[in-house]
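Q: Structure provided below as structure tokens; questions to follow.
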Amino acid sequence: MTELRIEGLSKRFGTYLALDDVSITIPNGKFVCLLGPSGCGKTTLLRLIAGLETPSEGRILVGGTDLSAVPSHKRGMGMVFQSLALFPHLDVAENIAYPLAIRGTDRATRQATAARLLDLVKLPGMGGRRIHQLSGGQRQRVAIARGLAIDPKVFLLDEPLSALDAGLREHMQIELRQIQQSLGVTTVVVTHDQKEALTMADLVIVMKDGKVQQAGTPMEIYHAPANAFVADFIGNTNLMPCRWDGQAIEVLGHRLAPAEGDRIAAAPGLAQLSVRPEHVEIAAPGTGFAAEITFIRDLGESVHFVTRCGAQVITAQVAPGARPPFGVGDAVSLSFRPGKRVVLA
Amino acid sequence: MTHLAEPETAVPRWIALWPALMLGLFFLVPFGIMLSVSVAHRVEGGFFEPGFEWASYIRFLTPFFGRVLAVSLGISLAAAAICVVLAFPFTVFLASMSRSVQTRVLVVLLSVLSLSEVIIGFSLSTLLSQTAGIGNLFAAIGLIDAPRAYTPSLFALLTGLCYLGFPFAVLVLYAPVSRLDPEIVEAARVMGASAARAFFGVVVPLQRGALTGAFILVFVFTLGSYLLPQLLGRPGHWTLSVHITDQAIYQANLPFAAAMSVFLMLVALALVGLASLAGRDRGAA
């Protein structure tokens, strides 16, 4: 079993603390996304797992074995780098079989493995091509195939899809996830793209300033964010300062009684209320929050009404079929759907 | 529109005429004169008169000058090889240092370029001499019994040529080596390559073009050296350049000197062509 355990891992670069006492357990065969803004320590964590950096404190265990004393080239991991790091002096098949060549595998096995992996990444018969003859998406596939050549214990990917354009990226996310599921390899992907994380991952680990903010399934992270940072980083949300007094939520001059399904993740006192745009209802002026529409963004698939409620900007999202007949400058009344409100520290 | 506009460039095309004119005037014309002198008739005890004869070239085909040519090329090839073998690991190491250290080291290397061949030659001949050289140091610490001279010798000559060529080799290698994606080496490491294997299996092949460039530059550069072989080498190490000078200035045999120069240039061109052919990146097409 290749469960990946990280225990109290810290990394200092001089006085800068890049990773601060991180502990995670990744079960065998799971697909994990390390998600966070740049500088949050996610790449450092990946490089520590790969053995490209030495931890300042803590341990990394794969299948129960402590990797502290194991150098990078003996860890038996597969890795896809952000720049892909394909070798231009080797052809596609030689690139893919490079880890096997290093291990002294015979030529026939190397060729068979390269051919099998090329089929897996949907590039059959491309083994003889040179790297510079491939498109960006094809290079991406070759890098993935190369990372899988030795049946790695853990498959690591550092922002693997960031160089692709949007359409191809979404396509590759699905394909990468399917490849991972068919092989059942424990996989860790670093990304700053929350959609990518939600598309691919069994487990999303949201990081900020070298600390884990929340670890959970994509839907836990989306619907039950642990704090305001996670709520804001995953998907769009309206964050409003509020006061939770143990009985009701005081926000923008209104008192809201918590309903079934509302989450209160803060001690009584000053807090933040998070309501996703799709849970903000917009109606003609009435008893809700009085607001004024400042901008309408029609994306075809959905319509966003950007409104101003005093100094607070609140966005409401509605389906195009249910678009209310309001225009910019109209006064409206907003309400937050009961059961979809989250109070965060 | 049937007329295809010429692609617009930032610099007008005619500007290339200027260097072309200068090259023609100061390189091709003198080279033509040298060619014509090389086939001119030598007047014994005098100078030369215009003519067309192969006498100078035929004289060149003697075992003596064949050996001189072999020595010249051998010394330059050896110096180029030593320089590249020293400069490459040095440059890889340099590129891994911080920016400010890199700048300082490069400034020191550039300042070495300001030293003339004369200064380098005399410094080395002093440093390797019996009376004031490192032989005294070796004797003092008991490595050898009595101080001895290490010059003139092939070792002294190669040391001098490498001192001259090393900064050039580093400067040629520096840009491509510092552009090398560090993830390439890391990728090789994660995939199981030891540090040495990653270096020889990935870094060296990727830098083949730059290594060839550095090799050719040092080779051509040391081929023209005529002071160091006289200062630091024995007469047996005299290079073709020394003999050309000897013939042109002391023997007053300009046709023969010109013929040797033409020949040296052709051989050098052939070697450079061969080397760049061998160093061509298979991936670039």
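Protein sequence lines, in the order shown, are assigned to chains A and B. So in the numbering used here, the last one in the first sequence is 345, and the numbering has no gaps at all. So in the numbering used here, the last one in the second sequence is 285, and the numbering has no gaps at all. Using N, Cα and C, we set each Cβ at its ideal position, and we do this for glycine too.
(1) Taking beta-carbon pairs under 8 Å, can you tell me which members of the region 102-135 of chain A lie near chain B?
(2) Would a C-beta distance cut-off of 9 Å place A:Phe305 and A:Ile296 closer than the cut-off?
(3) What does DSSP give as the partner residue(s) for A:Ser182 in the beta ladder?
(4) Kindly list the residues whose CB is nearer than 6 Å to the CB of B:Phe219, restricted to its own chain and excluding five residues on each side of it in sequence; keep chain order.
(5) Check each residue of the region 201-218 of chain B: if its Cβ is closer than 7 Å to any Cβ of chain A, include it; give the result in chain order.
(6) Answer with buried or exposed for A:Lys72, where buried requires no fewer than 16 other C-beta atoms within 10 angstroms of its C-beta.
(7) Using 8 Å as the cut-off, can you tell me whether the region 239-252 of chain A makes contact with the region 269-286 of chain A, which would need three or more C-beta pairs spanning the two stretches below that distance?
(8) When we look at the beta-carbon of B:Ala285 and count the other beta-carbons within 10 Å, is it buried (16 or more) or exposed?
(9) How many angstroms separate the CA atom of A:Gln181 from the CA atom of A:Ala197?
(10) Going by the beta-carbon positions, is the gap between A:Ile369 and A:Leu84 smaller than 9 Å?
(11) So that I know if they touch, is there some Cβ in chain A lying closer than 9 Å to that of B:Gly279?
(12) Is A:Asn238 helix, strand or coil when you go by DSSP?
(13) Under the assumption that B:Pro255 contacts B:Ser96 (Cβ atoms under 8 Å), give the Cβ distance between them as a whole number of angstroms.
(14) Which residue's Cα is closest to the Cα of B:Met191: A:Asp193, A:Thr54, A:Phe81, A:Pro37?
(15) Among the residues of its own chain, which have a CB less than 7 Å from the CB of A:Ala101, if the five just before and after it don't count?
(16) So the candidates are B:Val170, B:Ala259, B:Ala175; which of them puts its Cα closest to the Cα of B:Val108?
(17) Mapping DSSP to helix, strand and coil, what is B:Ala284?
(18) Please state if the CB of B:Ala156 and the CB of B:Gly45 are separated by a distance shorter than 9 Å.
(19) Relative to the C-alpha of A:Arg159, which candidate in A:Ile144, A:Phe233, A:Ala283 has its C-alpha closest?
(20) Check whether the region 221-241 of chain B touches the region 147-167 of chain B, counting contact only when three or more Cβ pairs, one atom from each stretch, lie closer than 8 Å.
(21) For chain A, find out if any of its Cβ atoms is closer than 9 Å to the Cβ of B:Ser194; answer yes or no.
(22) Can you tell me whether DSSP reads A:Ala115 as helix, strand or coil?
(23) Would a check of beta-carbon distances place B:Met191 closer than 9 Å to chain A?
(24) For A:Val343, which residues does DSSP report across the bridge?
(25) Check whether chain A comes within 9 Å of B:Ala252, counting only Cβ atoms and requiring the distance to be less than that.
(26) Please classify B:Ala258 as buried or exposed, where buried requires at least 16 other C-beta atoms within 10 Å of its C-beta.
(27) At 9 Å on the CB atoms, spell out the chain A contacts of B:Arg197, in chain order.
(28) State buried or exposed for A:Ile6, treating a residue as buried only when at least 16 other CB atoms are found within 10 Å of its CB.
(29) Between the beta-carbon of A:Ser56 and the beta-carbon of A:Ser10, is there less than 9 Å?
(30) Whose Cβ in chain B lies nearer than 9 Å to the Cβ of A:Leu52?
(31) Could you pull the start and end residues of the alpha helix (DSSP H) that A:His223 belongs to?
(32) Check the Cβ-Cβ distances between A:Gly60 and every residue of chain B, and say whether any is below 9 Å.
(33) If you check the beta carbons only, do A:Leu183 and A:Val142 fall under 9 Å apart?
(34) Please say whether A:Ala149 and A:Gly51 have beta carbons closer to each other than 9 Å?
(35) Is DSSP giving A:His192 helix, strand or coil here?
(36) Under 7 Å Cβ to Cβ from B:Gly160, same chain only, skipping five residues before and after it: list those, please.
A: Looking at the atomic coordinates:
(1) Cβ contacts with chain B come from Ile102, Arg103, Arg130, Ile131, His132.
(2) Closer than 9 Å, so yes.
(3) BP columns for A:Ser182 are empty, so no partner.
(4) Sequence-distant Cβ neighbours of B:Phe219 in its own chain, meaning closer than 6 Å and more than five residues away, are Ser76, Ala80.
(5) Within the region 201-218 of chain B, those residues whose Cβ lies closer than 7 Å to any Cβ of chain A are, in chain order, Val202, Pro205, Leu206.
(6) The sequence given here places Ser at residue 72 of chain A; Lys does not occur at that position. Its Cβ being crowded by 16 or more others within 10 Å, A:Ser72 is buried.
(7) Taking 8 Å as the limit for Cβ pairs, the verdict is that the region 269-286 of chain A does touch the region 239-252 of chain A.
(8) Because B:Ala285 carries a pLDDT of 35, less than 50, the predicted location of this residue cannot be relied on, and no value is offered for it.
(9) Between the C-alpha atoms of A:Gln181 and A:Ala197 there is a straight-line separation of about 15 Å.
(10) Since the displayed chain A opens at 1 and closes at 345, residue 369 of chain A lies outside it and no answer follows.
(11) Judged by the 9 Å Cβ criterion, B:Gly279 is not in contact with chain A.
(12) It is a strand residue.
(13) Their Cβ separation, rounded to whole angstroms, is 54 Å, which puts B:Pro255 and B:Ser96 out of contact at 8 Å.
(14) Closest option to B:Met191, Cα to Cα, is A:Phe81.
(15) Excluding positions up to five away in sequence, the list reads Arg110.
(16) The candidate whose alpha carbon is nearest that of B:Val108 is B:Val170.
(17) Low confidence applies to B:Ala284: its pLDDT is 42, below 50, so where it sits in the model is not reliable enough to give any reading.
(18) No, they are not a contact pair.
(19) The amino acid occupying residue 159 of chain A in the given sequence is Glu; Arg does not appear at that position. For the residues A:Ile144, A:Phe233, A:Ala283, the minimum Cα distance to A:Glu159 belongs to A:Ile144.
(20) With a cut-off of 8 Å, the region 147-167 of chain B and the region 221-241 of chain B count as touching, because enough Cβ pairs lie within range.
(21) Yes, its Cβ sits closer than 9 Å to a Cβ of chain A.
(22) A:Ala115 sits in a helix when the DSSP states are folded into three classes.
(23) Yes, B:Met191 lies at the interface with chain A (some Cβ there is under 9 Å from its Cβ).
(24) DSSP output for A:Val343 lists A:Ile264, A:Leu273 as bridge partner(s).
(25) Chain A contact via Cβ: absent.
(26) By the neighbour-count definition (other C-beta atoms within 10 Å, threshold 16), B:Ala258 is a buried residue.
(27) Taking the beta carbon of B:Arg197 as reference, the chain A residues within 9 Å of it are His73, Ile102, listed in sequence order.
(28) Label assigned to A:Ile6: buried.
(29) Yes, Cβ-Cβ distance for A:Ser56 and A:Ser10 is below 9 Å.
(30) Correct list: Glu186, Arg189, Val190.
(31) 218-223 is the extent of the alpha helix (DSSP H) around A:His223.
(32) Here residue 60 of chain A is Ile; the residue named in the question, Gly, does not match the sequence. Between A:Ile60 and chain B, the shortest Cβ-Cβ separation is not below 9 Å.
(33) Not closer than 9 Å, so no.
(34) In this structure, A:Ala149 does not lie closer than 9 Å to A:Gly51 by Cβ.
(35) Coil.
(36) Correct list, in chain order: Ile120, Gly121, Leu124, Leu228, Leu232.
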